[in-house]
Amino acid sequence: QCTGLEASFVYLNKNAHLVLKSHHGLTRRLLEAMPKEIAHGDGAIGRIFQQGQPEVLEGLDKSPADLAFLGAGGFQSFAGTPLTLLGESLGVLGAATSFPRYFTDNNIELLRGIAREITIALRNARQYEESQQIVQREARVGAIIQQIQGTQTVESALQVAVRELGRVVGVSRTAVRLNPAPMYPSA
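Residues 366 to 552 in my numbering are what the sequence shown spells out, letter by letter.
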């Protein structure tokens, strides 16, 4: 709101498409008309993602198909900037207003700054999620080790190991095959 923008949205990269993940300031009718997925390179949003450069469009009544909903909603100006981290495109931040010729160079720099902050937040969330997965995996390994160490025989230790391995990898059947040690050392 401090930017004077009336609408904004974020598309994030997922499986060769940009998927709508967040929006602000759009009516239910406009949101229903808004594309939920856009292929890389398609329309203004896809082009911004693919080229990695901000873009400003005026007169949205004649806008590309992916932004037609904005023109239909009375918006006049659009600016989009890529969400980029270390050369990797993560998505696109888009903003719109009903004022014509609203986006100056200063406005674009402000959007780019907001995009950098969003990108940092995305990276932090990704790193947190990865660290949580590591913690969970280590906890599972620790629990399996405890169960194995609590057994009394080699056979029961192997049964626990095989059973838990099956659970971890998500299979219903697991097996261990041991080759007996030779009774006489080979010459």
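The beta carbon of each residue, even a glycine, is placed where N, CA and C say it ideally should be.
Per-residue burial, residue i [other beta carbons within 10 Å of its own, 16 or more giving buried]
i           : result
residue 421 : buried
residue 451 : exposed
residue 549 : exposed
residue 467 : buried
residue 570 : An answer regarding residue 570 cannot be provided, because it is not within the stretch 366 to 552 covered by the chain.
residue 537 : exposed
Distance, residue j Cα to residue i Cα
i           : j           : result
residue 447 : residue 505 : 39 angstroms
residue 540 : residue 433 : 59 angstroms
residue 378 : residue 388 : 16 angstroms
residue 500 : residue 384 : 29 angstroms
residue 436 : residue 492 : 38 angstroms
residue 438 : residue 531 : 55 angstroms
Continuous beta strand (DSSP E) stretch holding residue i: start and end
i           : result
residue 446 : 442-450
residue 496 : No beta strand (DSSP E) contains residue 496, which is instead part of the alpha helix (DSSP H) from 470-514.
residue 456 : 453-462
Sequence-distant residues of the same chain with beta carbon closer than 7 angstroms to residue i, five excluded per side
i           : result
residue 525 : 512, 513, 516
Own chain residues within Cβ distance below 8 angstroms of residue i, not counting five before or after
i           : result
residue 373 : 388, 389, 390, 458, 459, 460, 461
residue 402 : 382, 383, 384, 385
residue 473 : 419, 421, 444, 446
residue 371 : 390, 440, 461, 462, 463
residue 375 : 385, 386, 387, 388, 448, 456, 457, 458, 459, 483
residue 542 : none
Neighbourhood of residue i by C-beta distance below 6 angstroms, restricted to the same chain and skipping five residues each side
i           : result
residue 480 : 446, 448, 458
residue 429 : 408, 409
Range covered by the alpha helix (DSSP H) that runs through residue i
i           : result
residue 395 : 393-398
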